[in-house]
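Everything on this sheet refers to the single structure shown next.
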């Protein structure tokens with residue numbers, strides 16, 4: 003157990019540590035509905051910050067928000083052959099539209115007369131319903147590009163769920179764009195991949211490797227799936243977000259054609275891309291410690307908590323305390339959220355532990371000697387380092403410290419990640435590294451799905467991606483010895 | 003037909019005018035799924051502005067956002083007796099969690115082996131799932147008040163749907179609060195009612211009458227339902243939003259008790275409150291005209307459109323045009339959204355009509371003589387008045403004009419509403435007013451549900467509310483002649 007918090011330590015059981023931390027820090031919990039979570043206010047405040055930043059970037063790059071139906075007619079899923087294989091299986095199916103009083107008493111039952119002619123699927127993703135809509139929106143090259151995003155809830159009936167990482171209902175944004183040319187669609191796919199990677203690195207403070215998926219791991223219905231892959235503290239990889247080049251697959255399935263400038267008729271090119279509440283899970287797993295959350299300042303709902311040390315020596319000096327707090331707040335400006343916890347009913351030690359658990363980046367304590375000396379005690383959550391700040395210029399010092407914490411959290415994650423990318427050249431080492439050190443393994447692969455599946459069976463590792471920035475290098479497949487032109491990135495993954 | 007836009011006029015067929023306008027102005031359309039709408043980017047941009055303002059007000063008054071599951075176990079609905087009567091009937095029922103390939107070929111079918119033990123209802127409203135959660139969150143008076151809101155989609159299986167006004171899936175916010183005392187809960191209910199009314203009047207520019215509902219019209223499960231009622235241009239009323247005092251009904255149904263300061267155990271007091279995409283329908287119906295939308299500046303996605311008159315005389319002066327536009331933009335600041343439509347492929351007359359249809363509050367046209375004289379032609383959408391503005395001080399003039407338009411749109415709606423509140427004292431007049439003049443009718447009512455139902459049958463009018471600010475006045479029920487202590491507000495309603 004971690005000291006005092008009642009949380010299992012990472013060393014003891016990483017998975018258990020995660021589950022307990024998410025709940026105890028007030029981020030989310032399981033609901034009465036199997037596999038569906040409740041996102042609690044503190045967790046939702048972080049998600050809102052993520053949404054706000056991403057939404058701003060989508061708009062800055064020309065995208066508009068819209069809303070498409072929650073339900074998809076069953077037959078729509080079947081229109082794209084690969085898509086139905088990937089998504090029609092585990093999903094919530096609406097079959098009836100009415101309940102009735104149970105004639106035998108005791109509650110309500112499904113009204114057998116209210117059966118839908120065609121069942122509706124609660125959307126697992128919206129390509130089909132959106133492309134059936136785009137058919138009416140796109141006639142001419144003048145209607146293109148069409149750059150649309152929606153923030154939505156989706157449902158995939160997962161058998162084994164974990165808060166944020168894999169839930170039946172989850173929240174995400176899904177972009178769906180339509181283009182006149184293949185090149186434009188590919189460019190859009192990569193533009194969004196870059197936006198995702200920038201957000202993950204600069205806000206969530208998690209370094210990611212950009213690459214594309216092997217055929218096995220591609221989105222069902224895509225010609226190419228690009229991904230951002232990150233490493234968690236237990237050495238397992240997590241897919242943070244994906245951007246898909248859909249070719250003309252959905253345009254063909256839903257007969258979406260446009261008149262070209264020259265008067266011809268062409269199928270439209272498509273992309274789709276999404277990031278979800280799964281990023282909340284990554285945020286927790288990448289940075290937090292046995293004492294609780296460690297939040298990067300750019301996503302923290304509370305940046306600074308100020309705790310006055312209330313005791314016999316200070317109880318008559320609360321006005322001075324309040325004045326110090328006012329000075330700090332006024333120097334920080336509106337962008338920084340400060341919580342002043344002067345609740346006399348709780349001990350300072352209890353408060354310290356509580357805000358550590360919540361991952362508040364900076365804690366300021368004010369004691370009697372601090373008042374005398376015109377200083378405050380500042381503790382940073384990431385390194386637990388304590389220091390004394392003069393009240394002069396306190397705003398600037400705190401701003402700088404927040405920047406420093408943001409940077410340090412990223413650098414720490416990057417150091418860990420970089421030291422956990424291992425090149426291996428034979429299958430013994432491959433398995434050995436995965437079983438002992440963990441992390442990413444860079445290895446040669448012969449490019450076949452069959453080999454990939456075999457490797458997965460033998461090692462539980464999958465190809466996370468074929469990195470975009472990988473150097474070409476002649477080699478031999480780590481399993482079959484067949485020739486390979488570049489290393490790809492393997493890992494055990496969430 | 004309205005000139006050139008292809009929209010039915012209000013006089014011809016108000017209902018048809020509305021349907022066509024919503025679609026042609028690009029706000030929303032019907033989807034492939036019966037009763038579910040697609041909110042298009044232009045419509046969604048307005049909804050986002052509504053959300054942003056309301057969300058800010060909820061937070062300013064101490065509320066936090068969270069997310070609760072989309073699904074509700076069937077048995078939950080039955081736990082509150084009145085609630086199940088009101089909500090368990092027309093709803094989307096999930097009975098299965100898997101599809102399978104049809105063994106007879108041709109697509110997918112529901113897997114009969116994947117039947118849920120208990121059916122799930124797609125939430126029509128979330129009191130039951132939220133109160134089942136609050137049971138774990140509330141133990142002591144220290145946990146109260148609990149002030150939570152969620153922005154969500156909900157589903158009510160409506161047989162007759164209309165875009166925004168009544169759709170199977172719609173978008174809303176639902177606040178759910180828990181309090182230690184009855185008075186606190188009542189105060190919360192009324193605080194939110196005021197927030198709603200302020201938003202409707204100051205942003206949507208629609209005057210509302212605040213009041214409470216008769217027992218017949220109350221939310222299923224509430225002790226009291228407060229409402230904001232507005233009048234549309236066809237003389238029909240529209241319920242804009244409601245705030246419910248739920249008493250201890252849900253606390254009792256879900257056994258939510260708290261320990262008082264004194265050590266006793268009490269059931270918690272509750273409120274819930276919501277406004278939805280229905281407000282989008284009200285916005286359209288209250289202000290728009292036969293030429294298209296009329297948007298209040300505070301909710302308009304584009305505040306000002308600038309259209310250069312492109313012809314032989316100006317085609318060589320486009321640089322001057324651009325400079326004028328830059329000057330205007332820089333003087334307006336970031337809060338004002340300006341669209342510069344210099345597309346040479348479209349005639350100015352076509353553009354004028356398009357932005358009229360879209361309800362852009364101010365149109366600026368720049369012709370060759372305007373360039374010579376250092377002026378622009380300014381046309382306001384609400385009154386269609388045209389004027390010439392000097393480029394000197396153009397920012398301030400436009401800001402003032404936007405304020406004036408906002409105010410004028412509200413005043414126009416208020417004048418109409420005020421002139422359509424008619425006091426009547428017998429049932430002949432009651433019916434006569436409703437059938438000819440329309441609008442609200444203030445009449446005495448004996449306070450019984452039976453009379454209310456009879457009046458509805460005879461006149462199609464319902465009690466919209468018992469106004470909060472009504473004067474006490476002795477009188478006789480307009481139908482039964484029984485004694486009454488105050489007039490109540492009747493109308494035919496959406």
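Residue numbers (our numbering), protein chains in the order written: chain A, 3 to 496; chain B, 3 to 496.
All C-beta atoms, glycine included, are put in the ideal place defined by N, C-alpha and C.
**Asked** Closest Cβ-Cβ distance between residue 100 of chain A and chain B: below 7 Å?
**Response** yes
**Message:** Bridge partners for residue 497 of chain A per DSSP, in chain order?
**Reply:** Only positions 3 to 496 of chain A appear in this structure, which leaves residue 497 of chain A out of reach.
**Request:** Enumerate in chain order the residues of its own chain whose CB-to-CB distance from residue 315 of chain A is below 7 Å, with the five nearest sequence positions on each side excluded.
**Result:** 370
**Asked** When you check each C-beta in the region 162 to 183 of chain B against every C-beta of chain A, which residues fall closer than 7 Å?
**Response** 171 and 173
**Asked** From residue 101 of chain A to residue 57 of chain A, what does the alpha carbon distance come to, in whole angstroms?
**Response** 39 Å
**Prompt:** Per DSSP, what kind of secondary structure is residue 72 of chain B in: helix, strand or coil?
**Reply:** coil
**Item:** Same chain, Cβ closer than 6 Å to residue 65 of chain A, five either side skipped, listed in chain order
**Value:** 149 and 151
**Message:** Could you compute how far the alpha carbon of residue 192 of chain B sits from the alpha carbon of residue 385 of chain A?
**Reply:** 47 Å
**Request:** Check distances from the C-beta atoms of the region 88 to 113 of chain A to those of chain B and list, in chain order, the residues that come in under 7 Å.
**Result:** 90, 91, 92, 93, 94, 95, 96, 97, 98, 99, 100, 101, 109, 110 and 112
**Message:** Would residue 135 of chain B pass as an interface residue toward chain A - the criterion being a Cβ-Cβ separation below 7 Å?
**Reply:** yes
**Asked** Hey, is residue 72 of chain A's beta-carbon within less than 7 Å of any beta-carbon in chain B?
**Response** yes
**Message:** Strictly below 8 Å CB to CB, what residues from chain B border residue 50 of chain A?
**Reply:** 67
**Prompt:** Does the count of Cβ pairs from the region 181 to 196 of chain A and the region 289 to 301 of chain A closer than 8 Å reach three?
**Reply:** no
**Asked** Cα separation between residue 78 of chain B and residue 245 of chain B?
**Response** 22 Å
**Message:** Against chain B, which members of the region 19 to 45 of chain A pass a CB distance test of less than 7 Å?
**Reply:** 33, 34, 35, 38, 40, 41, 42 and 43
**Request:** Look at the Cβ atom of residue 467 of chain A, then the Cβ atom of residue 229 of chain A, and state whether they are nearer than 7 Å.
**Result:** yes
**Asked** If you scan the region 371 to 446 of chain A from start to end, which runs of the beta strand (DSSP E) of 3 or more residues do you find wholly inside it?
**Response** 377 to 382, 388 to 392, 423 to 425 and 442 to 446
**Request:** Decide if residue 317 of chain B is buried, meaning its Cβ has at least 16 other Cβ atoms within 10 Å, or exposed.
**Result:** exposed
**Request:** Report yes if the C-beta distance between residue 308 of chain A and residue 327 of chain A is below 7 Å; otherwise report no.
**Result:** yes
**Request:** List the DSSP bridge partners of residue 305 of chain B.
**Result:** DSSP, once it has assigned bridges, lists no residue as partnering residue 305 of chain B.
**Prompt:** What's the call for residue 27 of chain A, buried or exposed, on a 16-neighbour Cβ count within 10 Å?
**Reply:** buried
**Asked** So is residue 121 of chain B in contact with chain A if we call contact Cβ pairs under 7 Å?
**Response** yes
**Message:** Under 7 Å, Cβ to Cβ, is there at least one residue of chain B near residue 486 of chain A?
**Reply:** no
**Chain-ordered chain A contacts of residue 150 of chain B [CB-CB under 8 Å]** = 43
**Message:** Whether or not the region 429 to 448 of chain A and the region 329 to 339 of chain A are in contact is what I'm after, with contact meaning three or more pairs of Cβ atoms, one per stretch, closer than 8 Å; do they touch?
**Reply:** no
**Request:** With a cut-off of 8 Å on the beta carbons, I'd call residue 400 of chain B and residue 382 of chain B a contact; round off their distance for me.
**Result:** Actually they are not in contact, since the Cβ atoms of residue 400 of chain B and residue 382 of chain B sit about 10 Å apart, beyond 8 Å.
**Item:** Within 7 Å, strictly: CB atoms of residue 277 of chain B and residue 137 of chain B
**Value:** no
**Asked** Any heavy atom of the ligand HEM closer than 6 Å to the Cβ of residue 63 of chain B?
**Response** Within the structure as shown, the ligand HEM is missing, as the structure has no ligands at all.
**Request:** Report the rounded CA-to-CA distance for residue 123 of chain A versus residue 171 of chain B, giving the unit in angstroms.
**Result:** 14 Å
**Request:** Report the three-state DSSP secondary structure of residue 489 of chain A (helix, strand or coil).
**Result:** strand
**Prompt:** Can you find a CB in chain A that lies within less than 7 Å of the CB of residue 271 of chain B?
**Reply:** no
**Request:** Could you check the C-alpha separation between residue 266 of chain A and residue 194 of chain A for me, to the nearest Å?
**Result:** 30 Å
**Asked** Does the beta carbon of residue 275 of chain B sit closer than 7 Å to a beta carbon anywhere in chain A?
**Response** no
**Message:** In whole angstroms, give me the CA-to-CA distance for residue 248 of chain B and residue 224 of chain B.
**Reply:** 4 Å
**Item:** Which listed residue (B:453, B:213 and B:287) has its alpha carbon closest to that of residue 237 of chain B
**Value:** B:287
**the region 389 to 396 of chain A / the region 204 to 224 of chain A touching (three or more Cβ pairs under 8 Å)** = no
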